[in-house]
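For reference, the structure discussed in these notes is given below.
Numbering (the UniProt record's numbering), first residue to last: 1 to 94.
Put into structure tokens, the structure is as follows:
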């Protein structure tokens, strides 16, 4: 019997780029999503709020830019994709 225990692999780290809703001149900000820093979707929203300093206040919704689908949890975020952060308002076309 080995002295090492069997450890489950940690969930993969994802990197996404987030833009501000309605701001065509904002260059976007890269966010790394890992279990240690963002264990819940709400903690990720708080991180994005601090990271993009949005004029609309707190980030409440994350959308896909092409179809405008609302992201509801961390599992829906895809590594390497682009997203749009919004407050309580709907997604604005850019």
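Even for Gly, the Cβ is constructed at its ideal location relative to N, Cα and C.
Only a predicted model underlies this, so the values are computations on that prediction, with no experimental measurement involved.
Residue 48 by DSSP, collapsed to three states: which one?
In the chain shown, residue 48 corresponds to position 48, counting from 1. Of the three classes helix, strand and coil, the one that applies to residue 48 here is helix, per DSSP.
Out of 73, 55 and 50, which one is the CA nearest neighbour of residue 89?
For this step, residue 89 is matched to residue 89 along the chain shown. It is 55.
Let me know the secondary structure DSSP gives residue 1 once reduced to three states.
Start at 1 with the first residue of the chain shown, and residue 1 comes out as number 1. Unreliable positioning characterises residue 1 in this predicted model, as indicated by a pLDDT of 49, which lies under 50. The coordinate reading is nonetheless provided below. Residue 1 falls in the coil class under three-state DSSP.
Got a sec, what are the start and stop residues for the beta strand (DSSP E) residue 83 sits in?
As a working note, residue 83 is residue 83 in the chain shown. Taken as a continuous stretch (DSSP letters only), the beta strand (DSSP E) holding residue 83 covers 82-86.
Compute the Euclidean distance between the alpha carbons of residue 21 and residue 53, then round it to the nearest angstrom.
Walking along the chain shown from the start, residue 21 turns up at place 21. Walking along the chain shown from the start, residue 53 turns up at place 53. Their Cα atoms are separated by approximately 12 Å.
So, for residue 69: in the same chain, excluding its five sequence neighbours on each side, which residues have a beta-carbon less than 7 Å away from its beta-carbon?
Stepping through the chain shown from its first residue, residue 69 is reached at position 69. The answer, listed in chain order, is 63.
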